[in-house]
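>
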Amino acid sequence: MSAQRIWEQALQQWLEEAPVLIDAASGEEYFPVRFFSSVDRLRKLLLQTGKKQFLLCLENSVLLSMLYFAAICANVELVPVDPQKSEEEKERIFRQHPEAERIDPLHATDLWEALQNAGEEKPVKLTELFAQTDYEKPYLITYTSGSTGEPKGVVHSVGNLIRSAASFRDKIGYKPGGRMYHIMPMTYMAGILNTLLLPFVSDCTIVLGKRFSIMEAVSFWKTTKKYGANYFWAAPTMLRMILTVDKKQTGAAVLKGVDTRFSVGTAPLDPGLREQFEETYGISLYQSYGLSETLFLTTQFPGGAADKTSVGELLAGVELRVMPDGEGRTRTPWNLLGYWTPSGLKPQAEIWYATGDLMTVQWENVRICGRKKELIIKGGMNLNPRDIELCLQTWCGVEQCAVQGIREDEDEKVVCWYIPEGENTQSKAFNSVIAAHLGKKYTVDYFIELKELPKNLNGKTDKKRLKQEWEEQRRGHNA
């Protein structure tokens, strides 16, 4: 089915009695007339500027959600930029788009006031609002966090996002009338595709929360109950924070008897954390896998094989090849259009996209074994740090850990930073357990105990920072 047809079907489903979006902060409900009349006004304001591209440097808000829809019917390009990035990182991205109109909090205030003062809201025929949409032209340019040097923008059409969302929807089984709790940062793909466009094409209401934080964790179950949210997306770090603050395990009562879909993405899910969360709240977690370039590729789903070490099965339309070196390459109907450069779009030439991830497939379940570039070469042998991490978390009483190879004295040393589960966890016994399960070649050279692992803005362990701090400490030690 074409992206246009999927989108038009979604538009036809929206009836007046179902809100498109609920602002969890204020409790305001945005039914179709209110929401899309504002989208139409924003479309006109965007077109009045005469600009082709817009840099969006905003936190989660109703306005930002409307801007994503307005850009679809205005056929303009959006470049979301996380406002919490460093000023240096933001400026590097801004330099890539010198002709773009910048929408920051000050401009957003003016836009919001213009919407509020625009007079009576008039019904908009949704099919007419999107009648001129070009579904295959560039729509979204996203920049991944933690990049070095000049940033690389991933370019997608809105058609790509719609096709990927529909395939994911069909696999996991979202039902019309569901409510998606949106707590992802709305300037990253997880906050645009996963929790904005995906629920929309699934005919589900968006319960819009702020970017996840300790305060959002404290109110998580209260908000879930208040607005009847039953579909969720979270990173593993979010799950851990929710468990930590929910001392009375109130979430179990909130979710009892509720048909939930609790998806986990953006980073590997630790087996111990998964077991604890599922047992505490009496639900299943559905791990998924995708990349900014490829969008959704796999997901676990209700009734699927009970292989909790995998990231689920391939979505309809996704093809996968595992190369001799273990790297997965994919082909989908929604692969990126290309990368953004200062001179414009550089089209993606390769039909099969090299993911950079090491994979295995068994009984249709895909396992991610680690990053190809993170392989440790020690004594002429390739070691996968993810194998060591899983071994420590499964058998050694380690809550979280990060393993990587660091060059030292003309040799590759294996370094492990870890958080113990309890006071009795002793690193002295770790290597004997690793050798028993993986072999002596996997033994670790250095164990460093930490109270917490540093995370980047996507919730992933910041291994680059760990390596930098290690090298600085070693230089200081040897000075």
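In terms of the working numbering, the sequence shown is numbered consecutively and its last residue is 486.
C-beta: ideal position from N, C-alpha, C; glycine also.
(1) The ligand NAD and residue 74: does the residue's C-beta get closer than 7 Å to at least one heavy atom of that ligand?
(2) Does DSSP put residue 47 in a helix, in a strand, or in coil?
(3) Which term fits residue 204, buried or exposed, when burial requires 16 or more other beta carbons within 10 angstroms of its beta carbon?
(4) For residue 240, write down the residues that DSSP places opposite it in a beta bridge.
(5) Using the C-alpha atoms, what's the distance from residue 150 back to residue 66?
(6) Measure the C-alpha to C-alpha separation of residue 454 and residue 262 and round it to an integer number of angstroms.
(7) Please name the residue, chosen from 221, 229, 168, 226, that lies closest to residue 199 on a Cα-to-Cα basis.
(8) For the 8 Å Cβ check, are there 3 or more pairs between the stretch 219-227 and the stretch 434-445?
(9) CB-CB under 8 Å to residue 384, same chain, minus the five flanking residues each way: which ones, in chain order?
(10) When you compare the CB positions of residue 346 and residue 159, do they come within less than 8 Å of one another, or not?
(11) Whether or not the stretch 57-66 and the stretch 29-41 are in contact is what I'm after, with contact meaning three or more pairs of Cβ atoms, one per stretch, closer than 8 Å; do they touch?
(12) Contact between the stretch 370-381 and the stretch 310-323 is defined here as three or more beta-carbon pairs at a separation below 8 Å; is this criterion met?
(13) Since residue 52 contacts residue 121 with CB under 8 Å, what's their CB separation in whole angstroms?
(14) Exposed or buried, which one is residue 466 when buried takes at least 16 other CB atoms within 10 Å?
(15) Just the C-alpha distance for residue 242 and residue 395, rounded to the nearest angstrom, thanks.
(16) Answer yes or no: do residue 270 and residue 293 have a C-beta to C-beta separation smaller than 8 Å?
(17) Look up residue 163 in the DSSP assignment and give the residues it is bridged to.
(18) Taking all protein chains shown into account, do 16 or more other C-beta atoms lie within 10 angstroms of the C-beta of residue 286, making it buried, or fewer, making it exposed?
(19) In this structure, what does DSSP give as the bridge partners for residue 409?
(20) Are the Cβ atoms of residue 291 and residue 305 separated by less than 8 Å?
(21) For residue 266, count the other beta carbons within 10 Å of its own beta carbon; 16 or more makes it buried, fewer makes it exposed. Which is it?
(22) Starting from the N-terminal side, write out each stretch of the beta strand (DSSP E) that is 3 residues or longer and does not extend beyond the stretch 64-142.
(23) Quick one: is residue 183 buried, meaning 16 or more other Cβ sit within 10 Å of its Cβ, or exposed?
(24) How many whole angstroms separate the CB atoms of residue 62 and residue 86, which I take to be in contact at a CB cut-off of 8 Å?
(25) Please check the pair residue 197 and residue 240, which I expect to be a contact at CB under 8 Å, by giving their CB distance rounded to whole angstroms.
(26) In angstroms with no decimal places, state the Cα-to-Cα distance between residue 278 and residue 225.
(27) Note down, one range per segment and in chain order, each beta strand (DSSP E) of at least 3 residues found wholly within the stretch 272-298.
(28) Let me check one thing: in DSSP terms, what residues is residue 305 bridge-paired to?
(29) Got a sec? Which residues, its chain only, sit under 8 Å from residue 11 by beta carbon, not counting five neighbours each side?
(30) Return the residue from the list 202, 147, 377 that minimises the CA-CA distance to residue 215.
(31) With 16 other CB atoms within 10 Å as the buried threshold, where does residue 436 fall?
(32) By how many angstroms is the C-alpha of residue 245 removed from the C-alpha of residue 46?
(33) Would you mind reading off the limits of the beta strand (DSSP E) that contains residue 363?
(34) In the structure shown, what three-state DSSP assignment does residue 347 receive?
(35) Per DSSP, which one or two residues make a beta bridge with residue 327?
(36) Can you name, in chain order, every residue of its own chain whose Cβ lies under 7 Å from the Cβ of residue 247, other than the five neighbours on each side?
On the basis of the coordinates in this document:
(1) The ligand NAD is not part of the structure shown, which contains no ligands of any sort.
(2) Note: residue 47 maps to helix in three-state DSSP.
(3) Flag for residue 204 reads buried.
(4) BP columns for residue 240 point to 270.
(5) So the two alpha carbons sit approximately 16 Å from each other.
(6) Rounded to the nearest angstrom, the two C-alpha atoms are 39 Å apart.
(7) Among 221, 229, 168, 226, the Cα nearest to that of residue 199 belongs to 168.
(8) Here the stretch 219-227 makes no contact with the stretch 434-445; the two share fewer than three CB pairs at distances below 8 Å.
(9) The residues are 390, 412, 419.
(10) Residue 346 places its beta carbon less than 8 Å from that of residue 159.
(11) No, the stretch 29-41 does not touch the stretch 57-66.
(12) Yes, they touch.
(13) Right, the Cβ-Cβ distance comes to about 7 Å (below 8 Å), so this counts as a contact.
(14) Buried, because 16 or more other Cβ atoms sit within 10 Å of the Cβ of residue 466.
(15) Roughly 21 Å between the two C-alpha positions.
(16) Taking C-beta atoms as the reference points, residue 270 and residue 293 count as a pair closer than 8 Å.
(17) DSSP, once it has assigned bridges, lists 147 as partnering residue 163.
(18) Taking all protein chains shown into account, residue 286 has fewer than 16 neighbouring C-beta atoms within 10 Å of its C-beta and is therefore exposed.
(19) Per the DSSP secondary-structure output, residue 409 pairs in a beta bridge with 424.
(20) No, Cβ-Cβ distance for residue 291 and residue 305 is not below 8 Å.
(21) A residue is called buried when at least 16 other Cβ atoms come within 10 angstroms of its Cβ; residue 266 does not meet this threshold and is exposed.
(22) Correct list: 84-87, 108-110.
(23) Exposed, by the Cβ-count rule.
(24) Rounded, the Cβ-Cβ distance is 5 Å, consistent with contact.
(25) So it is a contact: roughly 6 Å between Cβ atoms.
(26) One C-alpha to the other measures close to 24 Å.
(27) Runs found: 292-298.
(28) BP columns for residue 305 point to 296, 321.
(29) Excluding sequence neighbours, residue 11 sits near 140, 142, 166.
(30) Of the listed residues, the one whose Cα sits closest to residue 215 is 202.
(31) Taking a 10 Å sphere around the C-beta of residue 436, we find fewer than 16 other C-beta atoms and assign the residue as exposed.
(32) One C-alpha to the other measures close to 31 Å.
(33) It spans 360-369 - the beta strand (DSSP E) in which residue 363 sits, taken as one unbroken run.
(34) Looking at residue 347 - three-state DSSP - the assignment turns out to be strand.
(35) Residue 327 is bridged to 337.
(36) Only 280 meet the Cβ criterion.
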